[in-house]
Amino acid sequence: MFNLSAKMAILYSRIGFLLFVFLLSFSFSVFVSLSFSPADEYLINCGSNVDSTVDNRRFVGDASASNANFFSSEGSIAIQSENLVPNVPQIYRTARIFARRAKYEFNVHDKGTYMVRLHFNRIISSKIDLNDALFHVTVNGHVLLRNFNGDDCDSSSKIGSSVIREFLIWVDVGEILIRLVPSEDSKLAFVNAIEVISAPKDLIADVATSVSNDGTVKLNGLVKQAMEVVYRINVGGRKVTPFNDTLWRTWLPDDEFLKTGEGSSEKTYFSGRIKYRPGGASREVCPDNVYNTARVGRRSKGLVDMSWDFQVSMGYKYLIRMHFCDIASKSLGRLYFNVYINGNLAYQDFDISYSTDYVLASPYYIDFVVDSNNSTSGSLITVGVGLSNKTSVDEHGVDAILNGVEIMKMNNSMGSLDGYVSTETILSSCPNRRNLSIFIAMMAFMCIFMSFYIVAQRKKVKDEYGWTKLSMDVLEDDPKSVNQFVARKP
Ligand SMILES: *[C@@H]1O[C@H](CO)[C@@H](O)[C@H](O)[C@H]1NC(C)=O
Ligand SMILES: *[C@@H]1O[C@H](CO)[C@@H](O)[C@H](O)[C@H]1NC(C)=O
Ligand SMILES: *[C@@H]1O[C@H](CO)[C@@H](O)[C@H](O)[C@H]1NC(C)=O
């Protein structure tokens, strides 16, 4: 009996130890997974032979011998800014310039969504005038930019004079092929830095709610669309820079987009811990820095409805991701509100406590899709939150909240994100090629013409020579005539 219990004790302690080891490794893996490490990550410092570190991230120079295999183009040149503005990250001080069609090629391991960020800064150089920049950019069958000049008056993520354009691309095959194509023969293409990063699996969900004047319907197949991130907004908060974001994104404050309730709308800040849960948003989907600030509407302050306006292009569908995290309510089950897209009811009586499994300060997001062609508001997307019929009896509670908004443009039926044009059209109208073929045709014509001319000339020369020779031969016999002939020559 004693023996048995001793054995049991040993067994239990072993189980305990194993459990301890298991929990330790589990918590370690949880700790490690706090920081996202992508399967594939390429950070390229274009036109530079040195690596450069920006926000603890190493951008490798594409001009160093070991990295030159990333790009291929004849006659590309690397330029360096001569205008040394302070506080400009090193990646914006160099650029690679292409007078012809060029490509950057990256091998990727997984099938899935990739983030592609292109950085542009029209640097000043005596070698080349970037006012001549006008080009197209394609990636794996999608047109990303058309007749782009490297500048952007209304870019949402400008750092000084630099422009960052961010795309989400689904990749089936093992490579990402970025092509830069000058728009005309006399124009140039350029790029300062490139990021290609495999996105976390949960970044883009396949299903969303499509909202129109006719109501809402479920929409599938989002994962495989190419998208461009056009707005990324931290509502009620400060700018979040790549340094403070889990996926090195930039989130801008919402002030300039807020339409109603401006001034009187209440910003709120939360200093506690954001409780990420399975089934809700993950830290990679949206960081703490966005969820821990919000704008709230309260009946007690006479303001519940809030809305934000975003300028977009006509002719595209947009994915609108709204981020919610109840950092303002004192208790659960009290916050209900309606969500509006372009004035249409997109979500009635949204119960944030229910959606977050009854955990306060737990993040949740909802994806909506609108078609800018079927919308009465035209090139404006309006997102809003407002009073619900089910609102709580608590007169002093929170009646609406919004923490963040992202707006992504989806590719059109041509697979393009910039105009009704396909990559085939762009690549086949490549000016170098067309002009080259005209040039080749002209050369061929010239050759034929020249050869005819030469043959004709030769024949003529031969005839003349033959005749002269003949006459000389004849005349040779008579030295006097030769002298006459020579004398007559000058
Ligand atoms: C990162 O966030 C912290 C706290 O939110 C802030 O103090 C700091 O300035 C931020 N850093 C950058 C580079 O944005
Ligand atoms: C409020 O409730 C009424 C009926 O219960 C319904 O007809 C109306 O659409 C609701 N309005 C909103 C904004 O939820
Ligand atoms: C996006 O492009 C793909 C082809 O690459 C196409 O199948 C899809 O229908 C396009 N999306 C839209 C919304 O037209």
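Mapping to UniProt numbering: the sequence shown position 107 is 107, numbers consecutive.
The beta-carbon is built from N, C-alpha and C at its ideal position, and this holds for glycine as well.
Since the structure is predicted, the reported quantities are computational estimates derived from the model, not experimental observations.
Close Cβ partners of residue i (< 6 Å) along its chain, the five nearest in sequence each way excluded
i       : result
Phe-243 : Asp-55
Phe-270 : Asn-292, Ile-327
Arg-283 : Thr-246, Tyr-276
Asp-348 : According to the sequence displayed, residue 348 carries Gln and not Asp. Within the same chain, Gln-348 has close Cβ partners Asn-338.
Gly-279 : none
Ser-372 : Val-312, Met-314, Tyr-316
Ala-133 : Asn-149, Gly-150, Leu-188, Phe-190
Trp-251 : Arg-232, Asn-234, Val-240, Val-290
Tyr-42  : Phe-106, Val-196
Glu-266 : Val-296
Asn-49  : Gly-61, Ala-63, Ser-64
Thr-425 : none
Asp-83  : For clarity, residue 83 is Asn in the given sequence; the question names Asp instead. Result list for Asn-83: Ile-124, in chain order.
Ile-407 : Val-230, Tyr-231, Phe-310, Tyr-318, Ile-320
Leu-258 : Trp-308
Presumed contact (8 Å Cβ cut-off) between residue i and residue j, rounded CB distance
i           : j       : result
Ser-76      : Ile-97  : 6 Å
Ile-178     : Val-139 : 5 Å
Tyr-104     : Phe-70  : 5 Å
Pro-182     : Val-240 : So it is not a contact: roughly 35 Å between Cβ atoms.
Tyr-336     : Ser-388 : 4 Å
Lys-127     : Ile-176 : Contact flag wrong, Cβ pair sits at about 29 Å.
Leu-180     : Ala-189 : 4 Å
Ile-164     : Arg-232 : About 11 Å separates the two Cβ atoms, so there is no contact after all.
Gly-236     : Thr-209 : Going by Cβ atoms, the distance from Gly-236 to Thr-209 rounds to 24 Å, so no, they are not a contact pair.
residue 562 : Ile-274 : In the structure as shown, the chain starts at 1 and stops at 490, and residue 562 therefore has no counterpart that could be examined.
Val-230     : Ala-346 : No, Val-230 and Ala-346 are not in contact; Cβ-Cβ is about 19 Å, not under 8 Å.
Ile-123     : Ala-95  : 6 Å
Glu-166     : Arg-299 : Not quite, the Cβ-Cβ distance comes to about 38 Å (not below 8 Å), so this is no contact.
Three-state class that DSSP yields for residue i in the structure shown
i       : result
Ser-161 : coil
Gln-90  : helix
Ser-62  : Reading the sequence as shown, one finds Asp at residue 62 and not Ser. Residue state, collapsed to three classes: coil.
Glu-395 : coil
Asp-371 : strand
Ile-79  : strand
Leu-130 : helix
Ser-428 : helix
Phe-36  : coil
Asn-234 : strand
Thr-423 : helix
Leu-23  : No answer about Leu-23 holds up, because its pLDDT of 48 lies below 50 and its placement is not dependable.
Asn-412 : coil
Asn-192 : coil
Asn-69  : helix
His-109 : coil
Ile-401 : strand
Ser-437 : At Ser-437 the pLDDT is 45, less than 50, meaning the model places this residue with poor confidence and gives no usable figure here.
Ser-52  : strand
Ala-102 : strand
Pro-200 : coil
Gly-386 : strand
Glu-184 : coil
Arg-117 : strand
Lys-224 : coil
Leu-144 : strand
Gly-215 : strand
Val-85  : coil
Ile-97  : strand
Asn-45  : strand
Val-173 : coil
Cβ neighbours of residue i in the same chain (closer than 7 Å, five flanking residues each side left out)
i       : result
Phe-36  : Pro-200, Thr-246, Leu-247, Glu-284
Met-410 : Gln-225, Met-227, Tyr-316, Lys-317, Tyr-318, Leu-319
Leu-332 : Ser-353, Tyr-358, Leu-360
Asp-51  : Asn-45, Arg-58, Phe-59, Val-60, Gly-61
Pro-390 : It is worth fixing the name first, because residue 390 is Lys in this sequence and not Pro. Tyr-336, Asp-349.
Ser-379 : Gln-311, Val-312, Ser-313, Met-314, Ser-372
Gly-386 : Val-304, Asp-305, Phe-337, Asn-338, Tyr-340, Ala-400
Val-171 : Val-108, Lys-111, Gly-112, Tyr-114, Asn-140
Asp-351 : Tyr-336
Same chain, Cβ closer than 8 Å to residue i, five either side skipped, listed in chain order
i       : result
Met-414 : Val-143, Tyr-420, Val-421, Ser-422
Asp-206 : Asn-220, Gly-221, Leu-222, Val-223
Val-370 : Ser-210, Val-211, Ser-212, Lys-317, Tyr-318, Ile-320, Ile-341, Asn-342, Ile-381
Residue i: CB within 7 Å of a non-hydrogen atom of ligand 4
i       : result
Lys-330 : As presented, the structure is devoid of ligand 4, carrying ligand 1, ligand 2 and ligand 3 as its sole ligands.
Closer than 8 Å to chain B by CB, residue i
i      : result
Val-85 : In the displayed structure, chain B is absent; only one protein chain is listed.
Unbroken alpha helix (DSSP H) runs of length 4 or more, entirely within the stretch 279 to 366: which are they? 288 to 291, 352 to 355
Start-end ranges of the beta strand (DSSP E) lying completely within the stretch 239 to 276, minimum 3 residues: Whole beta strand (DSSP E) segments, 3+ residues: 266 to 269.
Just the residues with CB closer than 5 Å to a heavy atom of ligand 1, in chain order, which are they? Cβ atoms closer than 5 Å to ligand 1 belong to Thr-241, Phe-243, Asn-244.
What does the shell around ligand 3 hold, if a residue joins when its beta-carbon is under 6 Å from any heavy atom? Result: Gly-141, Gln-225, Lys-317, Met-410, Asn-411, Asn-412, Ser-413, Gly-415.
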